[in-house]
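These notes are about the structure you will find just below.
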Amino acid sequence: AAWSWWLAIYGAVGFSRLLWGILAEGQSTKESRKKEDKATLWKMLQLFGPDKLYLSGAFLFLILAVIGEMFLPHYTGLLIDILGTKYDAEAFSTIIFLLCLVSFGR
1 AAWSWWLAIY
11 GAVGFSRLLW
21 GILAEGQSTK
31 ESRKKEDKAT
41 LWKMLQLFGP
51 DKLYLSGAFL
61 FLILAVIGEM
71 FLPHYTGLLI
81 DILGTKYDAE
91 AFSTIIFLLC
101 LVSFGR
């Protein structure tokens with residue numbers, strides 16, 4: 001790259017650093033900032049209060065979906081193994097049932 005590009009890049013970085021320093025002049029210390037962050041988090045959790053049931057249900061189904069996505073390749077591999085070896089109708093039915101159960105929410 002030409003030296004003019006390097007000059008423009010360093011100039012932009014220097015200007016943004018100078019502007020950041022000017023605008024952040026009235027910031028508080030780290031201790032009071034931690035207290036403000038905790039207070040903000042607590043206020044946010046209080047706002048979620050009326051929707052606790054919905055959020056709990058959404059989180060539960062999210063966990064179930066992740067578990068299903070994890071086991072889907074495993075059961076597919078078992079199905080391929082059953083079809084590749086001597087056919088066992090009982091094992092095949094079990095794996096098909098588990099595949100249907102795991103992929104129900106998809």
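Under UniProt numbering, read the sequence shown as residues 1 to 106, first letter to last.
Note that the Cβ used here is the ideal one computed from N, Cα and C, for glycine as well.
For residue j and residue i, believed in contact at Cβ under 8 Å, the rounded distance
i     : j     : result
Leu55 : Phe48 : 6 Å
Pairwise C-alpha distance: residue j and residue i
i           : j      : result
Tyr87       : Leu98  : 17 Å
Gly57       : Trp42  : 21 Å
Phe104      : Tyr10  : 55 Å
Phe59       : Lys38  : 23 Å
residue 138 : Ala24  : The structure shown does not extend to residue 138, since the chain is modelled only from 1 to 106, so the question has no answer here.
Arg17       : Thr40  : 27 Å
Gln46       : Glu36  : 15 Å
Glu69       : Val102 : 8 Å
Ser64       : Lys52  : The amino acid at residue 64 is misidentified as Ser; the sequence shows Leu. Whole-angstrom Cα-Cα distance: 18 Å.
9 Å Cβ cutoff met for residue i and residue j
i           : j     : result
residue 114 : Ile82 : Lying outside 1 to 106, the shown extent of the chain, residue 114 is not represented and no answer is given.
Leu79       : Ile96 : yes
Point to revise | Those runs of the alpha helix (DSSP H) which lie wholly inside the segment 23-102 and span at least 4 residues | key: 30-47, 52-84 and 89-102
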